[in-house]
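To start, the structure itself, in structure tokens.
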Amino acid sequence: MALVDPRFVGHVHSLRLALTDPRFPAAAAPGALTAQPAARAALARAVRGGAAGPDAAAAALDANGTVVRRPELGSLVAVVATDEDERVQARAAVAAVDEEAVRLRTAVKSRDGFFTTFCVSPYSRYLARWCARRGFTPNQVTTASLITALIAAGCAATGTRGGYVAAGALLLFSFVLDCTDGQLARYSLQYSTMGAWLDATFDRAKEYAYYAGLALGAARGGDDVWALALGAMVLQTCRHVVDFSFNEANHDAESNTSPTAALSDKLDSVGWTVWVRRMIILPIGERWAMIAVLTAVTTPRIVFYALLAGCALAALYTTAGRVLRSLTRAARRTDRAARALADLADSGPVARAVAARGPRLKGAWTAPVLAAAGAAALVATALTQPLGSRQMIIAAVCYAVLCGTAVARPLKGALDWLVPPVFRAAEYGTILILAARSEVNGALPAAFGLVSAVAYHHYDTVYRIRGGTGAPPQWLVRTIGGHDGRTLVVVVLATVLATRNTDLTLALAALAVAVALVVLVESIRFWVSSGAPAVHDEGEPA
413 MALVDPRFVG
423 HVHSLRLALT
433 DPRFPAAAAP
443 GALTAQPAAR
453 AALARAVRGG
463 AAGPDAAAAA
473 LDANGTVVRR
483 PELGSLVAVV
493 ATDEDERVQA
503 RAAVAAVDEE
513 AVRLRTAVKS
523 RDGFFTTFCV
533 SPYSRYLARW
543 CARRGFTPNQ
553 VTTASLITAL
563 IAAGCAATGT
573 RGGYVAAGAL
583 LLFSFVLDCT
593 DGQLARYSLQ
603 YSTMGAWLDA
613 TFDRAKEYAY
623 YAGLALGAAR
633 GGDDVWALAL
643 GAMVLQTCRH
653 VVDFSFNEAN
663 HDAESNTSPT
673 AALSDKLDSV
683 GWTVWVRRMI
693 ILPIGERWAM
703 IAVLTAVTTP
713 RIVFYALLAG
723 CALAALYTTA
733 GRVLRSLTRA
743 ARRTDRAARA
753 LADLADSGPV
763 ARAVAARGPR
773 LKGAWTAPVL
783 AAAGAAALVA
793 TALTQPLGSR
803 QMIIAAVCYA
813 VLCGTAVARP
823 LKGALDWLVP
833 PVFRAAEYGT
843 ILILAARSEV
853 NGALPAAFGL
863 VSAVAYHHYD
873 TVYRIRGGTG
883 APPQWLVRTI
893 GGHDGRTLVV
903 VVLATVLATR
913 NTDLTLALAA
923 LAVAVALVVL
933 VESIRFWVSS
943 GAPAVHDEGE
953 PA
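All residue numbers for the sequence shown refer to this note's numbering, where the first residue is 413 and numbers rise by one.
Written out as structure tokens, the structure is:
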């Protein structure tokens, strides 16, 4: 439902921003007001209460507790002309501003990486406009980006120099389309929950499929780099979990300031430091550009060496900064943040049983210390003990017990946001180590598939929480075992099947297929029927 004052004078895009953005229950600009279904009853009450015109109705909604979004218009004009002189002045102001230039400029994400900002967005915005004028939707462009990346992975899998060159070029074009879909959404205000999910999910699918393509191509040339490919996926996924956990723990924390954050804000005033710090974290634009160029001119092994080194440096930089921020700020975490961290932890039936019946140890650092101790013991045992030994099973059981004890109390400590990424590193790292040490033919590719399926579940959990709909249902977590249950299963399989040539490969592949089927079916069902509000990711580059 929309109200527009007949005396309105301004740019058409001002009306678009006020009337067609689906992300907010109510939005307004001078002389215009819109109400989505959630705010229509409040608007009806405001009108029945005597509110005359859009501006008065917007003020009445504000007074009654309904949040009214007022978009930043910048140089765009939106006024209610009360006489002819004001109307003439407003029309002159409209004529003085290039509305299309403003629309194109605001289609670009305000905070992005150096490569994206200076090497892609200057022309991808025009591609977005071209798509808008021909009726293409952001979801169609997102799908085109995925298909292009999958073709790039197929080219890399050929193992030929020509295939590698084509793969690099197609990967860059896929990234251009990846930028275009968001710019198209902002240009035409076509935001949707489904679009945000597809955009985020396909980014991960494209990158990890490309890793698999590189590994297949290397194998054709006689070089086995599956361990490096899986290591790169594990490291990149753990980096993302660090980002997600820290943001969920702190975005609504009270007294959310620190000297480290103040220093960061001060550095932001020095222009070149902003770009250097954005490049250090190796965001998706810089990362994909590096992968594409190295694919074209070097070998898959060198690509993964560079990727692992760059992502490790980025992970150390970002994690250290966030630990310092957490230690130097006196923030109180909310119940919502504690629930989000508990959901991100992905505890299964074993850990939950321990949490419910075991001890609840006090202490500000208890949760991350227990999680890190269990993870370190598990990974060290996987690295040092013979495959098939009982010590591995004992370490996995101790890991599950320590994990359950770590999450027994609400995760409100300063460093409790480290718990989910520690769990991810332990589970993924154990799968990688056991598959690599088994030396069973095909075990590493099967482990790659298993980690991919589990990582999809963890990303899906993040996107549901971001969309305001909460984590996946508990029956899903129980069905796929939680991180502790899956780790126990993989350890038992590796212990029992370590001496049998291909049985471990078949077992890991079967587990990967089972997890993938369950999480994909439930995820697609949820997002297709989701009632979550329309969203679009405007945060830091992933």
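Where a beta carbon is used, it is the ideal one built from N, C-alpha and C, also for glycine.
Per DSSP, the unbroken alpha helix (DSSP H) holding ALA727 starts and ends at 712-740. If you draw a 10 Å sphere on the C-beta of GLY633, you find fewer than 16 other C-beta atoms in it, and that means exposed. In the three-state scheme derived from DSSP, where H, G and I count as helix and E and B as strand, THR873 is classed as helix. The shortest CA-to-CA distance from VAL480 to any of VAL500, ARG515, ASP433, LEU932 is the one to ASP433. Secondary structure note for VAL421: it is in no alpha helix (DSSP H), and the uninterrupted beta strand (DSSP E) holding it is 420-422.
For TYR620 against SER850, the beta-carbon gap comes to about 22 Å, at or over 8 Å, which does not count as contact. The residues VAL819, VAL831, PRO832, PHE835, in chain order, have a CB closer than 7 Å to that of ALA757 in the same chain once the five nearest residues on each side in sequence are set aside. Linking LEU846 to VAL902 through their CA atoms gives a straight-line distance of about 9 Å.
If you check the CB distance, ALA639 and LEU799 do not come in under 8 Å. Positions of the beta strand (DSSP E) runs, each at least 3 residues long and wholly inside the stretch 471-515, are given as 490-492 in order along the chain. Judged by their CB atoms, ARG499 and VAL421 are nearer to each other than the 8 Å cut-off. Take GLY893, set aside five residues on each side of it, and the residues of its chain with a beta-carbon closer than 7 Å to its own are GLY760, VAL901, in chain order. Out of ALA921, ALA507, SER604, the CA that lies nearest to the CA of THR554 is found in SER604. Three or more Cβ pairs closer than 8 Å define a contact, and the stretch 722-735 meets that threshold against the stretch 685-697. Taking each of ASP828, THR917, LEU720 in turn and checking the Cα distance to ARG734, the smallest one comes out for ASP828. The Cβ atoms of THR570 and SER586 do not sit closer than 8 Å to each other.
Around the C-beta of ARG764, 16 or more other C-beta atoms lie within 10 Å, and the residue is accordingly described as buried. When DSSP states are grouped into helix, strand and coil, THR917 belongs to the helix group.
Between PHE716 and VAL791, the gap from beta carbon to beta carbon reaches 8 Å or more.
Between LEU856 and LEU642, the gap from beta carbon to beta carbon is short of 8 Å. Collapsing the DSSP output to three states places ARG744 in a strand. In terms of CA proximity to ALA513, ARG537 leads the group VAL532, GLY525, ARG503, ARG537. Taking a 10 Å sphere around the C-beta of ARG937, we find fewer than 16 other C-beta atoms and assign the residue as exposed. DSSP, read as helix, strand or coil, puts THR570 in coil.
DSSP, reduced to helix, strand and coil, places VAL416 within a strand of the structure shown. Three or more beta-carbon pairs separated by less than 8 Å link the stretch 577-595 to the stretch 605-625, which places the two stretches in contact. For LEU694, no alpha helix (DSSP H) encloses it, and the DSSP letter there is neither H nor E. With fewer than 16 other CB atoms across the displayed protein chains lying within 10 angstroms of its CB, ARG546 is exposed.
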